[in-house]
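First the structure, in the form of structure tokens, and then the observations on it.
Structure representation (structure tokens):
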């Protein structure tokens, strides 16, 4: 069985390839040992990475792990490669396409700023930044989304002043006071998560990924 790792509309970065590949080791470690659970070969290819496994079951288990953690789509194809004892011998190929965005990223979609909040079987769950609003968007819909600030570039900052609607922090780039509107779910904490979006700092409402990211 072959698992092909790709991304929608772009090349996977080396960091992304490494974390996708590492997830296979996690899957193997968590399964009951089986002599067919081995890696026959693996290699970088144009636009991604191919891994040939000894078991269709292992390939499908890995694809489920990929979908749960990073979203995206899997497409299975079976090709006949021979015959034995009157039965077809088939080879399974699973094409996994990782989305061009991750949970926690700030994206612009339908001219509105959102954070990617999670995955469904058909697409992404989006949380609006400006107010309490959640919606689902299909993978096809999300092809029109633009990542404006990935989770890895967001910052937790200490506020030096705040009132009921705005907070002030020291811009980490210039060390000058910067004022932002507080997120709708702000509880009075002295810290907020901010993202630089198109040259402007924006305070972000909380997602579950934020506490895991700290």
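Numbering (our numbering), first residue to last: 1 to 214.
In this text, a Cβ means the ideal position worked out from N, Cα and C, and glycines have one as well.
None of the values given here were measured: they were computed from a predicted structure.
Rounded to the nearest angstrom, what separates residue i and residue j at their Cα positions?
i, j, result
"residue 75", "residue 2", "12 Å"
"residue 39", "residue 109", "39 Å"
"residue 206", "residue 161", "20 Å"
"residue 181", "residue 24", "42 Å"
"residue 95", "residue 37", "19 Å"
"residue 55", "residue 197", "45 Å"
"residue 171", "residue 194", "10 Å"
"residue 208", "residue 104", "9 Å"
"residue 64", "residue 73", "10 Å"
"residue 5", "residue 52", "11 Å"
"residue 175", "residue 7", "37 Å"
"residue 139", "residue 164", "38 Å"
"residue 50", "residue 43", "6 Å"
"residue 16", "residue 99", "11 Å"
For the alpha helix (DSSP H) that contains residue i, what are its first and last residues?
i, result
"residue 139", "139 to 142"
"residue 20", "14 to 29"
Exposed or buried, residue i, counting other C-beta atoms within 10 Å across all chains shown (16 or more means buried)?
i, result
"residue 45", "exposed"
"residue 188", "exposed"
"residue 48", "buried"
"residue 185", "exposed"
"residue 183", "buried"
"residue 158", "exposed"
"residue 13", "exposed"
"residue 214", "Caution is warranted here: a pLDDT of 49 is assigned to residue 214, below 50, making its placement in the model unreliable, and no coordinate value can be reported."
"residue 35", "exposed"
"residue 132", "exposed"
Taking residue i as part of the beta strand (DSSP E), name the residues at either end of that continuous run.
i, result
"residue 54", "Counting along the chain, residue 54 falls outside any beta strand (DSSP E), and DSSP gives it neither H nor E."
"residue 128", "123 to 128"
"residue 169", "166 to 170"
"residue 96", "87 to 98"
"residue 195", "191 to 197"
"residue 200", "200 to 204"
"residue 146", "146 to 149"
Can you name, in chain order, every residue of its own chain whose Cβ lies under 6 Å from the Cβ of residue i, other than the five neighbours on each side?
i, result
"residue 91", "79, 81"
"residue 58", "37"
Under 8 Å Cβ to Cβ from residue i, same chain only, skipping five residues before and after it: list those, please.
i, result
"residue 83", "89"
"residue 102", "70, 116, 150, 151"
Cutting at 7 Å between CB atoms, please list the residues of its own chain near residue i, excluding the five before and the five after it.
i, result
"residue 19", "none"
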